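*Asks:* Pasting in a structure now, in structure tokens, and then I'll have a few things to ask.
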Amino acid sequence: MTVALFIPCYVDQCYPQVARATLAVLEARGVEVVFPMEQTCCGQPMANAGCQDDARAASERFVRTFSAYDTIVAPSGSCVAHVRHHFDQLPPTDAVRRVRARTVELCEYLLTLPEAPVVEFPYRVGVHVGCHTLRTLHQGTPSELGASGDGPLHTLLRRMPGITLVPLDRADECCGFGGSFAVDEPAVSARMGSDRVADHRRHGAEVMVSADMSCLMHLEGIIRRQGPPLPVMHVAQLLNGERP
Amino acid sequence: MSSRERILQAVRANRPDRRALPDLPVAGPLTADAIPRFVAMVESVGGRAVHAPSGSELAAMIDHAYPDAREILSTVDEYPRSTVQVDHDTPREALQHIDLVVLRGSLGVVENGAVWLADDALPHRALPFVTTHLVLLLRADQLVADMHGAYAVLQLEHDTPGFGVLVSGPSKTADIERALVIGAQGPRSLLVIVI
Amino acid sequence: MTIRDHAGAAEAFTADAERTAWHDEALWFVRAKRDEVTHAIPEWEALRTIASGIKAHTLSLLDDYLEEFERNAVAHGVTVHWATDADEHNRIILGILRERGATRLVKSKSMLTEECGLNHYLEAQGITVVDSDLGERIVQLGHEAPSHIVMPAIHKRKAEVGALFAQHFGTSPEEDDPNRLADAARGPLRRALFGADAALTGVNFAIAETGGIVVCTNEGNADLGCHLAPVHIACMGIEKLIPRVADLGVFLRLLARSATGQPITAYTSHFVRPRTPGQFHVVIVDNGRSEHLGRPDFREALACIRCGACLNTCPVYRRSGGHSYGATIPGPIGAILSPGIDLAKHASLPFASTLCGSCGDVCPVKIDIPGQLYRWRQLVARGGHLDVPKRRAMGCLGRILGSRRYYEWAGAIGRMMLRLAPAVPWLVRRTAWGRERELPVAPRESFRDWYRRNRDT
Numbered sequence: 002m003t004v005a006l007f008i009p010c011y012v013d014q015c016y017p018q019v020a021r022a023t024l025a026v027l028e029a030r031g032v033e034v035v036f037p038m039e040q041t042c043c044g045q046p047m048a049n050a051g052c053q054d055d056a057r058a059a060s061e062r063f064v065r066t067f068s069a070y071d072t073i074v075a076p077s078g079s080c081v082a083h084v085r086h087h088f089d090q091l092p093p094t095d096a097v098r099r100v101r102a103r104t105v106e107l108c109e110y111l112l113t114l115p116e117a118p119v120v121e122f123p124y125r126v127g128v129h130v131g132c133h134t135l136r137t138l139h140q141g142t143p144s145e146l147g148a149s150g151d152g153p154l155h156t157l158l159r160r161m162p163g164i165t166l167v168p169l170d171r172a173d174e175c176c177g178f179g180g181s182f183a184v185d186e187p188a189v190s191a192r193m194g195s196d197r198v199a200d201h202r203r204h205g206a207e208v209m210v211s212a213d214m215s216c217l218m219h220l221e222g223i224i225r226r227q228g229p230p231l232p233v234m235h236v237a238q239l240l241n242g243e244r245p
Numbered sequence: 004m005s006s007r008e009r010i011l012q013a014v015r016a017n018r019p020d021r022r023a024l025p026d027l028p029v030a031g032p033l034t035a036d037a038i039p040r041f042v043a044m045v046e047s048v049g050g051r052a053v054h055a056p057s058g059s060e061l062a063a064m065i066d067h068a069y070p071d072a073r074e075i076l077s078t079v080d081e082y083p084r085s086t087v088q089v090d091h092d093t094p095r096e097a098l099q100h101i102d103l104v105v106l107r108g109s110l111g112v113v114e115n116g117a118v119w120l121a122d123d124a125l126p127h128r129a130l131p132f133v134t135t136h137l138v139l140l141l142r143a144d145q146l147v148a149d150m151h152g153a154y155a156v157l158q159l160e161h162d163t164p165g166f167g168v169l170v171s172g173p174s175k176t177a178d179i180e181r182a183l184v185i186g187a188q189g190p191r192s193l194l195v196i197v198i
Numbered sequence: 025m026t027i028r029d030h031a032g033a034a035e036a037f038t039a040d041a042e043r044t045a046w047h048d049e050a051l052w053f054v055r056a057k058r059d060e061v062t063h064a065i066p067e068w069e070a071l072r073t074i075a076s077g078i079k080a081h082t083l084s085l086l087d088d089y090l091e092e093f094e095r096n097a098v099a100h101g102v103t104v105h106w107a108t109d110a111d112e113h114n115r116i117i118l119g120i121l122r123e124r125g126a127t128r129l130v131k132s133k134s135m136l137t138e139e140c141g142l143n144h145y146l147e148a149q150g151i152t153v154v155d156s157d158l159g160e161r162i163v164q165l166g167h168e169a170p171s172h173i174v175m176p177a178i179h180k181r182k183a184e185v186g187a188l189f190a191q192h193f194g195t196s197p198e199e200d201d202p203n204r205l206a207d208a209a210r211g212p213l214r215r216a217l218f219g220a221d222a223a224l225t226g227v228n229f230a231i232a233e234t235g236g237i238v239v240c241t242n243e244g245n246a247d248l249g250c251h252l253a254p255v256h257i258a259c260m261g262i263e264k265l266i267p268r269v270a271d272l273g274v275f276l277r278l279l280a281r282s283a284t285g286q287p288i289t290a291y292t293s294h295f296v297r298p299r300t301p302g303q304f305h306v307v308i309v310d311n312g313r314s315e316h317l318g319r320p321d322f323r324e325a326l327a328c329i330r331c332g333a334c335l336n337t338c339p340v341y342r343r344s345g346g347h348s349y350g351a352t353i354p355g356p357i358g359a360i361l362s363p364g365i366d367l368a369k370h371a372s373l374p375f376a377s378t379l380c381g382s383c384g385d386v387c388p389v390k391i392d393i394p395g396q397l398y399r400w401r402q403l404v405a406r407g408g409h410l411d412v413p414k415r416r417a418m419g420c421l422g423r424i425l426g427s428r429r430y431y432e433w434a435g436a437i438g439r440m441m442l443r444l445a446p447a448v449p450w451l452v453r454r455t456a457w458g459r460e461r462e463l464p465v466a467p468r469e470s471f472r473d474w475y476r477r478n479r480d481t
């Protein structure tokens with residue numbers, strides 16, 4: 002079976018190592034992966050800023066690029082959530098319905114595959130769960146809805162020998178990125194990010210890991226500004242055998 | 004056109020398509036430990052509660068709990084110690100310094116420690132609120148498990164009192180730095196006696 | 025209060041880092057309490073669904089229920105008034121007071137009278153208004169608006185309350201013990217409650233089948249007011265209706281647990297008939313609600329029971345403070361209600377969110393708050409209320425991301441700029457991103473460049 006890889010625009014441009022790790026992890030599990038070159042972006046940056054009309058060209062391009070594939074995998078819960086939940090702004094053609102139904106977040110997809118060779122990760126890991134992954138894609142149970150239930154991200158990490166997932170005071174508090182929110186409300190956004198980083202540091206995390214690189218882009222920016230260093234990694238990098 | 008008509012007309016024009024009224028949950032069962040759970044709940048909301056089976060001890064217990072009470076109003080036979088008379092027409096000035104009010108509740112809710120008081124139990128509606136200390140008597144067989152049970156028993160839709168109140172704990176506030184303060188404008192203490 | 029956009033006001037609030045940390049922790053504590061008590065109720069999610077259904081049903085027959093409520097209230101000796109807007113609401117209340125020669129009014133908490141600006145209106149007419157809820161009294165003495173719908177003075181530190189009380193209640197200026205401060209306010213507040221000519225309360229629920237209303241308080245101030253004064257005036261928005269008394273069983277189980285983590289408020293008062301002797305008036309207010317009912321994408325917000333759970337859980341509200349919303353109802357629920365009242369004035373509010381979605385999860389009546397925030401954003405942009413630079417930037421970004429060629433070209437330039445940026449840190453720090461964050465370290469090669477070089481055949 003062929004899987005189409007969707008690499009969100011900012012990952013493609015700023016974090017190619019995450020995209021390469023995603024590709025490697027999928028191929029290591031015997032998946033045949035193609036990266037359709039016509040892809041750009043799902044349209045979320047504009048749509049979340051209120052400019053759904055401006056997002057339309059990108060979203061339509063996404064549909065055109067991916068409608069022929071049975072499975073579209075992306076290493077970003079937020080972008081997948083946008084495709085699944087906000088493509089209702091597009092006319093509900095068969096193609097739109099198909100891509101909405103077939104776009105899957107990486108961790109969720111990996112759990113459908115046979116277990117891969119084990120990769121050790123002997124570090125204390127602070128897990129950052131993206132809000133859209135948690136509350137829009139319903140991966141796991143948010144703390145406000147019940148005793149914190151782990152999602153696919155936690156499941157994959159727990160399988161790694163040597164890993165320690167550190168408990169946090171606030172298991173799933175938002176990091177404050179929020180797309181355009183990060184630049185619309187920089188003061189509150191940065192404050193939320195600092196608080197999140199502080200929670201991870203307080204519990205002795207040696208590396209922050211997430212399935213959402215956009216949160217990590219924001220958190221890494223705060224960590225590098227404030228110091229001391231604390232590496233951030235995408236889960237695909239861990240699964241690909243990379244170390245902080 | 005009157006404002007009434009204008010509002011009703013606007014609502015009529017804008018209301019969504021009719022949606023069905025959901026069925027209500029059924030009342031939860033009263034468990035064997037209902038009394039201790041009710042007592043614990045009253046305490047958790049800042050009140051005090053005791054399960055006191057005998058009537059004669061009851062008066063002594065209230066005396067003992069409020070030795071300094073001077074203006075006392077009791078409507079219960081078990082505690083015939085009223086020092087003031089109050090009815091609907093009592094001027095409010097006369098209610099200002101009441102130390103202790105003892106009333107009979109007609110229903111208690113295990114899930115939240117609330118006790119129901121209605122007009123028929125209240126010589127004056129302000130009594131449970133003006134007094135410094137409030138004591139409520141309740142029969143153990145008047146407990147219900149939850150709020151669904153409470154309204155099923157009260158049947159207010161068939162026979163509504165002019166006023167009724169669920170009292171859960173004493174007056175309290177957390178308006179200053181979220182610190183819990185017992186005894187805001189109303190009673191500083193609540194004692195519920197289950198008999 | 026001057027109305028500033030949310031980001032600016034929020035920045036001012038967060039400038040006091042210590043206060044922000046305290047505010048965040050204080051409200052998080054309330055949310056944690058809410059989590060604890062709601063998770064102890066196995067049927068919690070079912071209750072939310074039923075509550076949401078009852079509200080949806082009521083809104084779908086709201087005119088019928090309003091008439092039923094009025095009929096039953098009148099039969100029980102209540103005087104019912106109707107006000108289309110804030111101004112009419114204020115005039116009706118003044119009329120009731122004037123008719124009795126009342127000059128001293130005590131009020132318990134009512135977000136509706138805040139919305140209508142009643143206090144200022146009455147004070148200008150020579151009426152003395154005392155807010156009798158302690159938190160409301162604190163903000164009234166400080167000439168402020170409530171910053172939270174359940175905890176009106178949560179933005180104030182105890183030392184600030186102490187300073188206010190020193191000025192008004194004669195306490196020591198150093199006094200900052202909440203117990204002693206609350207006790208210092210008890211005397212003056214009780215005197216006001218015992219001396220009032222009329223008492224005004226809000227309404228938590230209005231029951232069509234009895235024509236009665238229910239008011240929930242912890243301090244007992246609402247009851248002290250209306251059982252002691254000769255006149256009780258209760259003000260309610262048209263959306264407060266529920267059909268049956270038994271529906272209260274659902275809503276009262278949800279309300280206090282969602283609001284403060286209490287199993288129920290200290291006093292849940294059911295008012296049906298006037299006391300003898302005494303008058304009982306109910307003022308039913310529209311003030312834009314019927315119009316909101318006509319907005320299919322947003323009408324669900326009228327189901328709100330004002331518990332404040334969405335404020336407590338909101339990571340933005342906890343750090344920006346309630347006043348940053350510049351509206352009567354702050355927080356996520358305010359951010360979806362206020363644009364319906366004045367879209368241009370409140371255009372920044374739907375953006376005061378990361379769309380994290382927690383507000384929707386805690387809402388006891390299951391209002392899709394994040395969904396509405398997203399939809400309001402679209403209307404703000406279409407209505408031309410976005411900043412021009414942002415509007416243009418989004419148009420430009422949309423064109424770039426809509427085309428592979430533009431995207432690849434802009435990506436290359438963008439990465440080059442990101443690589444050059446660290447050489448000019450002062451410039452980076454002047455951007456909204458770079459003020460408090462470093463920019464990403466951009467690679468020379470994008471993933472697609474690498475893929476093209478290594479894989480694309």
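Residue numbers (this note's numbering), protein chains in the order written: chain B, 2 to 245; chain C, 4 to 198; chain P, 25 to 481. We treat Cβ as the ideally placed atom computed from N, Cα and C, and that holds for glycine. Being a predicted model, the structure only gives us computed values, none of them experimental.
State buried or exposed for Gly31 (chain B), treating a residue as buried only when at least 16 other CB atoms are found within 10 Å of its CB.
*Replies:* Taking the first sequence and counting its residues from 1, one reaches residue 31 (chain B) at position 30. Exposed is the call here.
*Asks:* Using the Cα positions of Leu335 (chain P) and Leu421 (chain P), report the straight-line distance between them to the nearest angstrom.
*Replies:* On the third sequence, position 311 is the one that residue 335 (chain P) refers to. On the third sequence, position 397 is the one that residue 421 (chain P) refers to. In a straight line, the C-alpha of Leu335 (chain P) is about 33 Å away from that of Leu421 (chain P).
*Asks:* So, is Asn311 (chain P) buried or exposed, given that buried needs 16 or more other C-beta atoms within 10 angstroms?
*Replies:* As a working mapping, residue 311 (chain P) is identified with position 287 in the third sequence. Asn311 (chain P) should be labelled buried.
*Asks:* Just by C-beta distance, which residues in the stretch 354-388 of chain P are closer than 9 Å to chain C?
*Replies:* If the cut-off is 9 Å between Cβ atoms, the stretch 354-388 of chain P has nothing near chain C.
*Asks:* Would you call Phe375 (chain P) buried or exposed, if buried means 16 or more other Cβ atoms sit within 10 Å of its Cβ?
*Replies:* Residue 375 (chain P) sits at position 351 when you count from the first residue of the third sequence. Classification of Phe375 (chain P): buried, given that the 10 Å Cβ count is 16 or more.
*Asks:* Can you check whether the C-beta of Pro320 (chain P) is within less than 8 Å of a C-beta belonging to chain C?
*Replies:* Position 296 of the third sequence, counting from 1, holds the residue named residue 320 (chain P). Taking Cβ atoms only, chain C reaches closer than 8 Å to Pro320 (chain P), which makes this a yes.
*Asks:* Rounded to whole angstroms, what is the Cα-Cα separation between Arg277 (chain P) and Ser60 (chain B)?
*Replies:* Stepping through the third sequence from its first residue, residue 277 (chain P) is reached at position 253. Stepping through the first sequence from its first residue, residue 60 (chain B) is reached at position 59. Distance between the alpha carbons of Arg277 (chain P) and Ser60 (chain B) is about 44 Å.
*Asks:* So the alpha helix (DSSP H) Cys383 (chain P) belongs to, where does it begin and stop?
*Replies:* Against the third sequence, residue 383 (chain P) aligns to sequence position 359. Element bounds for Cys383 (chain P): Ser382 to Val386.
*Asks:* Is Phe229 (chain P) near Lys264 (chain P), with beta carbons less than 8 Å apart?
*Replies:* One-based indexing of the third sequence puts residue 229 (chain P) at position 205. One-based indexing of the third sequence puts residue 264 (chain P) at position 240. Yes, the pair counts as a contact, with Cβ atoms nearer than the cut-off.
*Asks:* How would you write the range of the beta strand (DSSP E) that Met234 (chain B) sits in, first residue to last?
*Replies:* As a first step, residue 234 (chain B) must be located in the first sequence, where it is residue number 233. Unbroken beta strand (DSSP E) run through Met234 (chain B): Val233 to His235.
*Asks:* For Asp200 (chain P), which residues of its own chain have a beta-carbon under 6 Å away from its beta-carbon, when the five flanking residues on both sides are left out?
*Replies:* Position 176 of the third sequence, counted from the start, is the residue given in the question as residue 200 (chain P). Closer than 6 Å at Cβ, skipping near neighbours: Lys182, Ala183 and Gly186.
*Asks:* Determine the closest residue to Gly364 (chain P) out of P:Arg319, P:Ala333, P:Ser348 and P:Pro394, with distance taken between C-alpha atoms.
*Replies:* Residue numbering aside, residue 364 (chain P) sits at position 340 when the third sequence is read from its first letter. Of the listed residues, the one whose Cα sits closest to Gly364 (chain P) is P:Arg319.
*Asks:* Run the CB neighbour count on Trp433 (chain P), radius 10 Å, all protein chains shown included, and call it buried at 16 or more, exposed below.
*Replies:* Against the third sequence, residue 433 (chain P) aligns to sequence position 409. Exposed, since its Cβ has fewer than 16 Cβ neighbours within 10 Å.
*Asks:* Helix or strand or just coil, what does DSSP make of Asp213 (chain B)?
*Replies:* In the first sequence, the residue the question calls residue 213 (chain B) occupies position 212. Asp213 (chain B) falls in the strand class under three-state DSSP.
*Asks:* In three-state DSSP terms, what is Ala69 (chain B)?
*Replies:* Counting from 1 along the first sequence, the entry for residue 69 (chain B) is found at position 68. Coil, per DSSP.
*Asks:* Using a Cβ cut-off of 9 Å, pull out every chain B residue sitting near Lys390 (chain P), in sequence order please.
*Replies:* Translated into positions along the third sequence, residue 390 (chain P) becomes position 366. What Lys390 (chain P) touches in chain B: nothing, since even the nearest Cβ is about 12 Å away.
*Asks:* How big is the Cα-Cα spacing for Leu129 (chain P) and Asp157 (chain P)?
*Replies:* Here residue 129 (chain P) corresponds to residue number 105 of the third sequence, with the count starting at 1. Here residue 157 (chain P) corresponds to residue number 133 of the third sequence, with the count starting at 1. Cα-Cα distance, rounded: 13 Å.
*Asks:* Return the first residue and the last residue of the beta strand (DSSP E) that Ile303 (chain P) is part of.
*Replies:* Translated into positions along the third sequence, residue 303 (chain P) becomes position 279. According to the sequence shown, residue 303 (chain P) is Gln rather than Ile. Per DSSP, Gln303 (chain P) belongs to the beta strand (DSSP E) from Gln303 to Val309.
*Asks:* Please determine, among P:Thr108, P:Arg124, P:Gly119 and P:Ser171, the residue with the shortest C-alpha to C-alpha distance to Glu138 (chain P).
*Replies:* In the third sequence, the residue the question calls residue 138 (chain P) occupies position 114. The shortest Cα separation from Glu138 (chain P) among P:Thr108, P:Arg124, P:Gly119 and P:Ser171 belongs to P:Ser171.
*Asks:* My guess is that Leu136 (chain P) and Leu317 (chain P) are in contact by the Cβ rule of under 8 Å, so how many angstroms apart are they, rounded?
*Replies:* For the purposes of this step, residue 136 (chain P) is taken as residue 112 along the third sequence, with counting starting at 1. For the purposes of this step, residue 317 (chain P) is taken as residue 293 along the third sequence, with counting starting at 1. That pair is no contact at about 16 Å.
*Asks:* In chain order, what residues of the same chain lie with their CB nearer than 7 Å to the CB of Ile27 (chain P), ignoring the 5 residues before and after it?
*Replies:* As a working mapping, residue 27 (chain P) is identified with position 3 in the third sequence. Residue placement at Ile27 (chain P) is poorly supported in this model, since its pLDDT is 40, which falls under 50; the coordinates are not used for a value here.
*Asks:* How should Met440 (chain P) be labelled, buried or exposed, when 16 other C-beta atoms within 10 angstroms of its C-beta is the threshold for buried?
*Replies:* Residue 440 (chain P) sits at position 416 when you count from the first residue of the third sequence. Met440 (chain P) comes out exposed.
*Asks:* If we ignore side chains and look at the alpha-carbon of each, how far apart do His161 (chain C) and Ala220 (chain P) end up?
*Replies:* In the second sequence, the residue the question calls residue 161 (chain C) occupies position 158. In the third sequence, the residue the question calls residue 220 (chain P) occupies position 196. Their backbone Cα atoms lie some 34 Å apart in a straight line.
*Asks:* So Arg136 (chain B) and Gly381 (chain P) are in contact, right, with Cβ under 8 Å, and what is the actual spacing, rounded?
*Replies:* As a position in the first sequence, residue 136 (chain B) is number 135, starting the count at 1. As a position in the third sequence, residue 381 (chain P) is number 357, starting the count at 1. Sure, about 4 Å apart at Cβ, within 8 Å.
*Asks:* Once the 5 residues before and after Met47 (chain B) are set aside, which same chain residues still bring their CB inside 6 Å of it?
*Replies:* What you label residue 47 (chain B) is simply residue 46 of the first sequence in a count that begins at 1. These residues qualify, in order along the chain: Asp55 and Ala56.
*Asks:* Please report how far the alpha carbon of Ala23 (chain C) lies from the alpha carbon of Ser144 (chain B), in whole angstroms.
*Replies:* As a first step, residue 23 (chain C) must be located in the second sequence, where it is residue number 20. As a first step, residue 144 (chain B) must be located in the first sequence, where it is residue number 143. If you take the alpha carbons of Ala23 (chain C) and Ser144 (chain B), they lie about 32 Å apart.
*Asks:* Is His139 (chain B) buried or exposed, if buried means 16 or more other CB atoms sit within 10 Å of its CB?
*Replies:* Counting from one through the first sequence, the residue named residue 139 (chain B) turns up at place 138. Label assigned to His139 (chain B): exposed.
*Asks:* Is Ala169 (chain P) close to chain B, meaning its C-beta is less than 8 Å from at least one C-beta of that chain?
*Replies:* As a position in the third sequence, residue 169 (chain P) is number 145, starting the count at 1. For Ala169 (chain P), the answer is no, since every Cβ of chain B falls outside 8 Å of its Cβ.
*Asks:* Glu207 (chain B) to Pro168 (chain B), Cα distance in whole Å?
*Replies:* Within the first sequence, residue 207 (chain B) is the residue found at index 206, counting from 1. Within the first sequence, residue 168 (chain B) is the residue found at index 167, counting from 1. Computed Cα separation, rounded: 13 Å.
*Asks:* Check distances from the C-beta atoms of the stretch 244-267 of chain P to those of chain C and list, in chain order, the residues that come in under 7 Å.
*Replies:* Hits within the stretch, in order: Gly244, Asn245, Asp247, Leu248, His251, Leu252, Ile262 and Pro267.
*Asks:* Looking at the structure shown, is Tyr154 (chain C) part of a helix, part of a strand, or coil, going by DSSP?
*Replies:* The residue labelled residue 154 (chain C) in the question sits at position 151 within the second sequence. Note: Tyr154 (chain C) maps to helix in three-state DSSP.
*Asks:* For Pro131 (chain C), is the classification buried or exposed, using 16 other Cβ atoms within 10 angstroms of its Cβ as the cut-off for buried?
*Replies:* What you label residue 131 (chain C) is simply residue 128 of the second sequence in a count that begins at 1. Burial call: buried.
*Asks:* How many Å lie between Val239 (chain P) and Leu326 (chain P) at the Cα?
*Replies:* Taking the first residue of the third sequence as 1, we reach residue 239 (chain P) at position 215. Taking the first residue of the third sequence as 1, we reach residue 326 (chain P) at position 302. Roughly 18 Å between the two C-alpha positions.
*Asks:* Are there three or more Cβ pairs, one per stretch, closer than 8 Å when the stretch 208-222 of chain B is compared with the stretch 72-90 of chain B?
*Replies:* Contact between the stretch 208-222 of chain B and the stretch 72-90 of chain B is present, because at least three Cβ pairs lie under 8 Å.
*Asks:* Which word fits Asn478 (chain P), buried or exposed, when buried means at least 16 other C-beta atoms lie within 10 angstroms of its C-beta?
*Replies:* By 1-based counting over the third sequence, the position of residue 478 (chain P) is 454. So Asn478 (chain P) ends up on the exposed side.
*Asks:* Count the C-beta pairs between the stretch 247-262 of chain P and the stretch 114-133 of chain C that are closer than 8 Å, then say yes if the count reaches three, no if not.
*Replies:* Touching, yes, given that three or more Cβ pairs across the two stretches are closer than 8 Å.
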